[in-house]
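Numbers given in the working numbering equal positions in the sequence shown, counted from 1, plus 11.
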Amino acid sequence: MTTTRRQAAEAVKEKESDEKPAQPESPAKRKAEAPPSKEPKKKATKVKKDEDTSKPDPSHGGTTTERGHIYFFFRPRVEHDEAHSIDDIRNFQMLLLPRPPSFASDKHSGSTKNEEADEMAVLQPGADAVPSRQPLDSTKKQAYRLAIIGKKKLPDPKHGGAGKGRKDTFWATVTKVGGDLSALEQTLGEKTYETKTRGTRHEAPARLAGRGGYAIVTNASGSSTHFGYHISHPTEMGEVQQDLGIEIASSYVLQVKNPLAPAMAPGQSNAKGAQYPESILKSVFGRGSKGRELYGLRFASCQTPELLDYEGAQLLLIGARGGEEGLETSLGDHRGEALKEIEDKESDGSIEDVFRELGLDKEVFTSEPIKGEWI
Numbered sequence: 012m013t014t015t016r017r018q019a020a021e022a023v024k025e026k027e028s029d030e031k032p033a034q035p036e037s038p039a040k041r042k043a044e045a046p047p048s049k050e051p052k053k054k055a056t057k058v059k060k061d062e063d064t065s066k067p068d069p070s071h072g073g074t075t076t077e078r079g080h081i082y083f084f085f086r087p088r089v090e091h092d093e094a095h096s097i098d099d100i101r102n103f104q105m106l107l108l109p110r111p112p113s114f115a116s117d118k119h120s121g122s123t124k125n126e127e128a129d130e131m132a133v134l135q136p137g138a139d140a141v142p143s144r145q146p147l148d149s150t151k152k153q154a155y156r157l158a159i160i161g162k163k164k165l166p167d168p169k170h171g172g173a174g175k176g177r178k179d180t181f182w183a184t185v186t187k188v189g190g191d192l193s194a195l196e197q198t199l200g201e202k203t204y205e206t207k208t209r210g211t212r213h214e215a216p217a218r219l220a221g222r223g224g225y226a227i228v229t230n231a232s233g234s235s236t237h238f239g240y241h242i243s244h245p246t247e248m249g250e251v252q253q254d255l256g257i258e259i260a261s262s263y264v265l266q267v268k269n270p271l272a273p274a275m276a277p278g279q280s281n282a283k284g285a286q287y288p289e290s291i292l293k294s295v296f297g298r299g300s301k302g303r304e305l306y307g308l309r310f311a312s313c314q315t316p317e318l319l320d321y322e323g324a325q326l327l328l329i330g331a332r333g334g335e336e337g338l339e340t341s342l343g344d345h346r347g348e349a350l351k352e353i354e355d356k357e358s359d360g361s362i363e364d365v366f367r368e369l370g371l372d373k374e375v376f377t378s379e380p381i382k383g384e385w386i
């Protein structure tokens, strides 16, 4: 059979195609045709439920705006001389005695031997949170604040948080501000008064349930303030302390309500509120310049302890962290550790000395509750 020129050309072309080496596939093509990988996918990092990463440690690098001694009292119900449970108490009170830092007090008293010792005291980690000792039997020229805590107990710092619901939030109201502890005995002591409907009424003296040291620390940005304490007396929490929510150490976010803002809780509508000067209303709450309302912000962090020096001041205590580790996390920069160290040392002091710090008669203000016993 005769082969035409066209057929011969097609045969040569087919032969050349068969002899040509195969071209490697492109990476994109190989990736597209590759079978699915059998390697397990990496799991996304999950946040533990007990971690609240929305709020960073608030006080590292912050400022200690105040430190001092803290005392917890409760008063039995009217016409009751004893209290056998939290149901038998009329109110729960917190007494704050602001003090200068320990290193400043030692320096001024001349108790340090030289300037180098003074400087070393200042450089101790957390030194700005350590209060100087409260003098015994000296009730003059000592500032104090007395506040009533709502719900007759402290917020539980372990309740709520990330993934656990809302944190415990309690109100406290500053009821008494003074500069001389000699007036405390009358404020906390036995009371008898007349009423129009029930005649003569009697209140037993308040009972001391705890004593320790506290510090108020505002973070570097000024947006958050933490209030933390460490107990020196008692060294072990009894039934009284447990019922009142007093732990060996605890911390709370501290906010102050703008007295010009609407009431937030029952009873506040009738409360007079703090009579802050215009300078505080503008600089702290931003009256006329911050927020959506003319009164400014509804709440503000306690950037200055002056906010606590007005009777009627309404405070918001939000449970933050409990225990000694929680105290250190909240206050930051070894302040919690420093408070623990000083309060552990002061726990060696007698209960009698605690009453002498306040100029109170131990026979009038019974000591059983601070030992953990209801009476």
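Glycine is no exception: its CB is placed at the ideal position from the N, C-alpha and C atoms.
Remember, it's a predicted structure, so these values are computed and weren't measured experimentally.
Environment of residue i [buried if 16+ CB atoms lie within 10 Å]
i, result
"Leu157", "buried"
"Lys351", "buried"
"Ser235", "buried"
"Gln266", "buried"
"Ser113", "buried"
"Met105", "buried"
"Tyr204", "exposed"
"Asp372", "exposed"
"Arg346", "buried"
"Ser143", "buried"
"Arg86", "buried"
"Arg41", "Any reading at Arg41 needs caution, since the residue's pLDDT is 49, under 50, leaving its predicted position unreliable; the model's value is listed next. By the 10 Å Cβ count, Arg41 comes out exposed."
Whole-number beta carbon distance between residue j and residue i, since they are thought to touch under 8 Å
i, j, result
"Ile257", "Phe83", "6 Å"
"Ala260", "His237", "The pair is not a contact, with the Cβ atoms about 13 Å apart (cut-off 8 Å)."
"Lys164", "Phe103", "6 Å"
"Leu305", "Gly297", "Between Gly297 and Leu305 the Cβ distance is about 10 Å, and since that is not below 8 Å, they are no contact."
"Gln286", "Trp182", "About 19 Å; that fails the 8 Å criterion."
"Pro288", "Glu77", "Contact doesn't hold; Cβ gap of about 19 Å is too wide."
"Gly239", "Gln314", "With a Cβ gap of about 16 Å, Gly239 and Gln314 do not count as contacting."
"Thr75", "Asp148", "No, Thr75 and Asp148 are not in contact; Cβ-Cβ is about 28 Å, not under 8 Å."
"Ala194", "Tyr263", "Not a contact, Cβ separation roughly 27 Å."
"Val375", "Gly200", "7 Å"
Pick from the options that is closest to residue i, judged by C-alpha positions
i, options, result
"His244", "Lys202, Asn102, Pro380 and Gln314", "Pro380"
"Lys382", "Ala276, Glu250 and Lys301", "Glu250"
"Lys294", "Gln279, Leu318, Gly284 and Ala274", "Note on identity: in this sequence residue 294 is Ser, with Lys being the wrong assignment. Out of Gln279, Leu318, Gly284 and Ala274, Leu318 has the C-alpha closest to the C-alpha of Ser294."
"Leu255", "Glu196, Pro288 and Pro166", "Pro166"
"Glu348", "Lys207, Gly224 and Glu90", "Gly224"
"Gly185", "Ser361, His95, Ile362 and Lys283", "It should be pointed out that residue 185 corresponds to Val in this sequence rather than to Gly. Here the closest residue by C-alpha is Lys283."
"Ala274", "Ala194, Arg309, Arg346 and Arg110", "Arg309"
"Arg222", "Ser361, Ser96, Gly73 and Asp320", "Ser361"
"Leu327", "Ser378, Ala311 and Glu335", "Ala311"
"Trp385", "Asp364, Gly73 and Asp92", "Asp92"
"His213", "Asp179, Arg101, Asp320 and Leu195", "Arg101"
"Gly370", "Pro111, Gly137, Thr208 and Thr198", "Thr198"
Residue-level contact to chain B via CB, residue i, 8 Å cutoff
i, result
"Ala194", "Among the chains of the structure shown, chain B does not appear; only one protein chain is present."
Residue i: CB within 7 Å of a non-hydrogen atom of the ligand ATP
i, result
"Met105", "Absence of the ligand ATP from the depicted structure is noted, as is the absence of any ligand whatsoever, leaving it without description."
The stretch 207-217 in contact with the stretch 171-182 per 3-pair CB rule at 8 Å: In this structure the stretch 207-217 does not lie against the stretch 171-182, because fewer than three pairs of beta carbons, one per stretch, are closer than 8 Å.
Any 3 or more C-beta pairs closer than 8 Å across the stretch 266-286 and the stretch 332-346: Verdict: no, contact absent.
Given 8 Å, three or more beta-carbon pairs between the stretch 186-206 and the stretch 347-367: Under the three-pair Cβ rule at 8 Å, the stretch 186-206 does not count as touching the stretch 347-367.
Continuous alpha helix (DSSP H) assignments of at least 4 residues falling wholly in the stretch 73-122: Taking only runs of at least 4 residues, the alpha helix (DSSP H) segments lying wholly in the stretch 73-122 are 113-120.
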